[in-house]
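According to my numbering, the sequence shown is numbered sequentially starting from 16.
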Amino acid sequence: MKLLLDFHYSDFWTDPGKQFKPKAWEKMDYPQLKTTIHDYTRDTIARFKQEGVLPDMVQIGNEINGGMLWPEGKSWGQGGGEFDRLAGLLNAAIDGLKENLKNGEQVKIMLHLAEGTKNDTFRWWFDEISKRNVPYDIIGLSMYTYWNGPIGALKANMDDISRRYNKDVIVVEAAYAYTLENCDSAENSFQAKEEKEGGYPATVQGQYNYIHDLMQAVADVPDQRGKVFFIGNRPGLPCREIPGPRQRA
Numbered sequence: 016m017k018l019l020l021d022f023h024y025s026d027f028w029t030d031p032g033k034q035f036k037p038k039a040w041e042k043m044d045y046p047q048l049k050t051t052i053h054d055y056t057r058d059t060i061a062r063f064k065q066e067g068v069l070p071d072m073v074q075i076g077n078e079i080n081g082g083m084l085w086p087e088g089k090s091w092g093q094g095g096g097e098f099d100r101l102a103g104l105l106n107a108a109i110d111g112l113k114e115n116l117k118n119g120e121q122v123k124i125m126l127h128l129a130e131g132t133k134n135d136t137f138r139w140w141f142d143e144i145s146k147r148n149v150p151y152d153i154i155g156l157s158m159y160t161y162w163n164g165p166i167g168a169l170k171a172n173m174d175d176i177s178r179r180y181n182k183d184v185i186v187v188e189a190a191y192a193y194t195l196e197n198c199d200s201a202e203n204s205f206q207a208k209e210e211k212e213g214g215y216p217a218t219v220q221g222q223y224n225y226i227h228d229l230m231q232a233v234a235d236v237p238d239q240r241g242k243v244f245f246i247g248n249r250p251g252l253p254c255r256e257i258p259g260p261r262q263r264a
């Protein structure tokens, strides 16, 4: 079994619409954030090593199209220098990770964006990161056909960016529901609209076909650059009624 560790650097799940600093870090200025993200990453990896589970791959941030640790690490709309600051934070975290690697230990570094069909977004973002010499090994992509478009567009993007940046690509988030049935009082995030826009029926066979087509797209990336994919969200799994807020993917 291989282990991918995904750092969100937040108190809750991060994505392009929310990259908020942890409450404990919210009053820190940029130099303090660089030191803190370095030390937090270093200490987390040290603890994993102590427990005998050094990750095979580490994801520095989650869906960081818009940057991370807002507003200091935001990738746009901050009056200039956005990618310089973002690159500084990424480099600090990566340096903290590498500080723990001894005696030939290797951990692959992933940078992960959402909206895996949007080639212009990936080119913009990774061109800027490449100019600043941020070291990484793998490009991670999220892919939800009901939000992002067809798998063919994902395939075209993976083909392009794997060549352009000479990197492996991994679909690190993907999901599709096998039913529209609602088994609790929470509203499903996948409904008839998502089924229509997703391109596959919300059935067991439809979910199978989606996963099959996604796997095939990754496998067909030239030069064996497409590696694996992860079911990043629960693919429509029903659950018993439980108290408190909840949602079924």
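Beta carbons: idealized from backbone N, C-alpha and C, even for Gly.
Assumed close pair residue i, residue j - CB separation to whole angstroms, cut-off 8 Å
i: Ile-124; j: Pro-150; result: 7 Å
i: Gly-131; j: Leu-156; result: 3 Å
i: Asp-174; j: Pro-237; result: 6 Å
C-alpha distance - residue i paired with residue j, whole-angstrom precision
i: Asn-134; j: Pro-165; result: 13 Å
i: Asn-106; j: Tyr-159; result: 29 Å
i: Pro-260; j: Ala-201; result: Interpretation of Pro-260 is limited by its pLDDT of 45, a score under 50 that renders its predicted location unreliable; the figure taken from the coordinates is listed afterwards. Approximately 8 Å, taken between the alpha carbons.
i: Gln-239; j: Thr-136; result: 23 Å
i: Tyr-24; j: Trp-140; result: 19 Å
i: Gly-32; j: Leu-128; result: 12 Å
i: Gln-47; j: Arg-57; result: 15 Å
i: Glu-143; j: Glu-78; result: 16 Å
i: Gln-262; j: Gly-94; result: Because the pLDDT at Gln-262 is just 42, under 50, the model does not fix this residue reliably, and the point stays unresolved.
i: Thr-29; j: Leu-84; result: 10 Å
i: Glu-204; j: Lys-117; result: Checking the sequence shown, residue 204 turns out to be Ser, not Glu. Each residue's Cα considered, the two are about 44 Å apart.
i: Gln-222; j: Asp-199; result: 21 Å
i: Trp-40; j: Trp-91; result: 21 Å
i: Arg-138; j: Leu-126; result: 13 Å
i: Ser-145; j: Met-230; result: 28 Å
i: Lys-64; j: Met-43; result: 28 Å
i: Ala-217; j: Tyr-161; result: 11 Å
i: Ile-109; j: Ala-168; result: 31 Å
i: Glu-66; j: Gly-96; result: 39 Å
Other residues of its chain near residue i: CB distance less than 8 Å, five sequence neighbours each side excluded
i: Asp-26; result: Phe-35, Pro-37, Lys-38
i: Asp-183; result: Asp-152, Ile-153, Ile-154, Ser-177, Arg-240, Gly-241, Lys-242
i: Asn-172; result: Gly-131, Thr-132, Lys-133, Asn-134, Phe-137, Leu-156
i: Ala-234; result: Gly-241
Spatial neighbours of residue i in its chain, beta-carbon cut-off 7 Å, leaving aside the 5 residues before and after
i: Lys-49; result: Gly-103, Leu-104, Ala-107
i: Arg-100; result: Tyr-45, Glu-87, Gly-88
i: Val-219; result: Tyr-193
i: Asp-21; result: Gln-74, Asn-77
i: Asn-163; result: Glu-130, Gly-131, Thr-132
Residues that DSSP places opposite residue i in a beta bridge
i: Val-186; result: Leu-156, Phe-244
i: Leu-69; result: None; Leu-69 has no bridge partner.
i: Phe-35; result: Trp-85
i: Phe-22; result: Ile-75
i: Leu-126; result: Ile-154
i: Asp-30; result: Lys-33
Cβ-Cβ distance between residue i and residue j below 8 Å
i: Arg-147; j: Phe-98; result: yes
i: Lys-89; j: Gly-81; result: yes
i: Asp-71; j: Leu-19; result: yes
i: Tyr-180; j: Ile-153; result: no
i: Val-122; j: Val-73; result: yes
i: Asn-115; j: Ile-60; result: yes
i: Leu-195; j: Glu-212; result: no
i: Ala-207; j: Phe-244; result: no
Cut-off 6 Å between Cβ atoms - residues of its own chain near residue i, not counting five sequence neighbours on either side
i: Lys-170; result: Ala-232
i: Asp-228; result: Ile-166
i: Tyr-225; result: Tyr-191, Tyr-215
i: Lys-17; result: Asp-71
Residue-level contact to chain B via CB, residue i, 8 Å cutoff
i: Tyr-45; result: Absent from the structure: chain B. Only one protein chain is present.
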